[in-house]
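S.K.: If you read the sequence shown in the working numbering, its first letter stands for residue 192, the second for the next number, and so on.
Every residue gets a Cβ at the ideal spot worked out from N, C-alpha and C, and that includes glycine.
Below you will find the structure I want to go over with you.
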Amino acid sequence: MRTADFDYPLPEELIAQHPPEERGTSRLLVYNRASRKISHHSFPEITSFFAKEDLLVFNDTKVIPGRLYGKKKTGGKVELLLVREVETDLWEAMLRSSRKVVPGLVFYFEGGLEAEVVEKKEEITLLRLSHPEDVRAAIERYGEMPLPPYINRAADKADESRYQTVFARRQGAVAAPTAGLHFTQEIIKELGV
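This is the structure we're talking about:
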């Protein structure tokens with residue numbers, strides 16, 4: 192099986208650029224495998240499609256504001272997405288840069304946050320982050336929510352809460368578990384979680 196097997200045409204105007212203002216108000220498409228029929232519902236109706244013995248797994252990671260925009264000493268622009276903290280202040284990141292990236296190169300971000308290239312791999316760059324006070328606090332303060340690639344707009348303040356699930360507890364996700372964004376506390380309670 193190839194991922195291309197799941198490609199289908201989807202007009203851009205049908206891709207929501209913002210989540211609904213109120214959680215749980217989205218539509219729900221249900222495919223019944225036995226009858227091979229599709230039915231349309233509102234998301235809160237999802238509770239009626241689970242059997243007692245079904246297992247529902249929730250991803251409780253909280254999305255970090257890991258998209259950072261900065262500059263090189265030369266003034267060239269850089270955009271990075273923090274992917275994983277390997278050890279304290281040492282991060283794997285995906286980045287876009289106006290020029291070639293080599294070990295030793297330093298990027299400068301708002302609020303005194305800096306990132307030095309430790310190693311450049313194919314798609315991932317290893318960076319040592321530093322800040323005069325606290326790297327984590329600087330990421331939280333100056334980073335942006337990493338919106339999905341099909342969202343064609345800049346992140347805004349509302350995204351800080353709307354791209355978190357209501358069950359997010361542990362820091363560490365670098366992308367929103369978008370399927371979970373539709374759940375409300377009421378729906379979770381009705382599921383008996």
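1) Measuring only the C-alpha atoms, how far is glycine 267 from glutamate 324?
2) Whose CA, out of Arg214, Leu205, Pro202, Ala195, lies closest to the CA of threonine 369?
3) Expressed to the nearest angstrom, what Euclidean distance is found between the alpha-carbon atoms of glutamate 236 and arginine 327?
4) Given lysine 263, which residues of its chain have a CB within under 8 Å of its CB, disregarding the five upstream and five downstream residues?
5) Check whether the Cβ atoms of proline 294 and valine 308 sit closer than 7 Å, and answer yes or no.
6) Give me, in chain order, the residues of the same chain whose beta-carbon lies closer than 8 Å to that of alanine 357; leave out the 5 immediate sequence neighbours on both sides.
7) If you check the beta carbons only, do lysine 243 and glutamine 362 fall under 7 Å apart?
8) Beta strand (DSSP E) containing glutamate 283: first to last residue?
9) Let me make sure I understand the geometry here. Which of Tyr341, Gly383, Ala366 has the alpha-carbon closest to that of glycine 202?
10) Buried or exposed, going by whether 16 or more other CB atoms sit within 10 Å of the CB of glutamate 283?
11) Identify, in the order they occur along the chain, each residue of the same chain with its Cβ nearer than 8 Å to the Cβ of valine 365, setting aside the five sequence neighbours on each side.
12) Closer than 8 Å by C-beta to glycine 359: which residues in its own chain qualify, once you throw out the five before and the five after it? Chain order, please.
13) I'd like the span of the alpha helix (DSSP H) that includes isoleucine 379, first residue to last.
14) Please report the distance separating the alpha-carbon of alanine 306 from that of serine 230.
15) Within the continuous alpha helix (DSSP H) that includes serine 352, where are the two ends?
16) What would DSSP say about threonine 316, mapped onto helix, strand or coil?
17) Quick test of your reading: alanine 329 and leucine 304, contact by CB under 8 Å. State the CB separation rounded to the nearest angstrom.
18) Assuming arginine 390 is part of the beta strand (DSSP E), what are its boundary residues?
19) Determine whether the Cβ of asparagine 223 lies closer than 7 Å to any Cβ atom of chain B.
M.R.: In short, the structure shows the following:
1) Reading the sequence shown from its first residue, position 76 is the one you call residue 267. Reading the sequence shown from its first residue, position 133 is the one you call residue 324. Rounded to whole angstroms, glycine 267 to glutamate 324 spans 25 Å at the Cα level.
2) Locating residue 369 in the sequence shown gives position 178, counting from the first residue. Among Arg214, Leu205, Pro202, Ala195, the Cα nearest to that of threonine 369 belongs to Arg214.
3) Within the sequence shown, the letter at position 45 stands for residue 236. Within the sequence shown, the letter at position 136 stands for residue 327. Cα to Cα, glutamate 236 sits roughly 39 Å from arginine 327.
4) Reading the sequence shown from its first residue, position 72 is the one you call residue 263. Correct list, in chain order: Val269, Ser288, Ser289, Arg290, Leu296, Val297, Phe298, Tyr299.
5) For the purposes of this step, residue 294 is taken as the residue at position 103 of the sequence shown. For the purposes of this step, residue 308 is taken as the residue at position 117 of the sequence shown. Result yes, Cβ atoms of proline 294 and valine 308 sit closer than 7 Å.
6) Position 166 of the sequence shown, counted from the first residue, corresponds to residue 357. The question names alanine, but residue 357 is valine in the sequence shown. The residues are Arg214, Phe374, Thr375, Gln376, Ile379.
7) Here residue 243 refers to the residue found at position 52 of the sequence shown. Here residue 362 refers to the residue found at position 171 of the sequence shown. Not a contact, by the Cβ cut-off of 7 Å.
8) Along the sequence shown, read from residue 1 onward, the residue named residue 283 stands at position 92. Note, glutamate 283: beta strand (DSSP E), 281-288.
9) Counting from 1 along the sequence shown, the entry for residue 202 is found at position 11. Note that residue 202 corresponds to proline in the displayed sequence, not to glycine. Minimum Cα distance to proline 202 is reached at Tyr341.
10) What you label residue 283 is simply residue 92 of the sequence shown in a count that begins at 1. Its Cβ being crowded by 16 or more others within 10 Å, glutamate 283 is buried.
11) Counting from 1 along the sequence shown, the entry for residue 365 is found at position 174. So the list reads Val254, Ile255, Gly257, Leu272, Leu273, Val274, Arg275, Pro337, once near-sequence residues are dropped.
12) Numbered from its first residue, the sequence shown carries residue 359 at position 168. A small fix is needed here, since residue 359 is alanine in this sequence, not glycine. Once the five neighbours on either side are set aside, the close Cβ partners of alanine 359 are Asp251, Thr252, Lys253, Val254.
13) Along the sequence shown, one-based indexing puts residue 379 at 188. It spans 376-382 - the alpha helix (DSSP H) in which isoleucine 379 sits, taken as one unbroken run.
14) As a first step, residue 306 is located in the sequence shown; it is residue number 115 there, counting from the start. As a first step, residue 230 is located in the sequence shown; it is residue number 39 there, counting from the start. So the alpha carbons of these two residues sit roughly 50 Å apart.
15) On the sequence shown, position 161 is the one that residue 352 refers to. Start and end: 350-353.
16) Counted from its first residue, the sequence shown places residue 316 at position 125. Threonine 316 falls in the strand class under three-state DSSP.
17) Residue 329 sits at position 138 when you count from the first residue of the sequence shown. Residue 304 sits at position 113 when you count from the first residue of the sequence shown. Indeed they touch by this definition, with Cβ atoms about 4 Å apart.
18) Given that the chain is displayed from residue 192 to residue 384, the structure contains no residue 390 and the question cannot be resolved.
19) Among the protein chains of the structure shown there is no chain B, as only one such chain exists.
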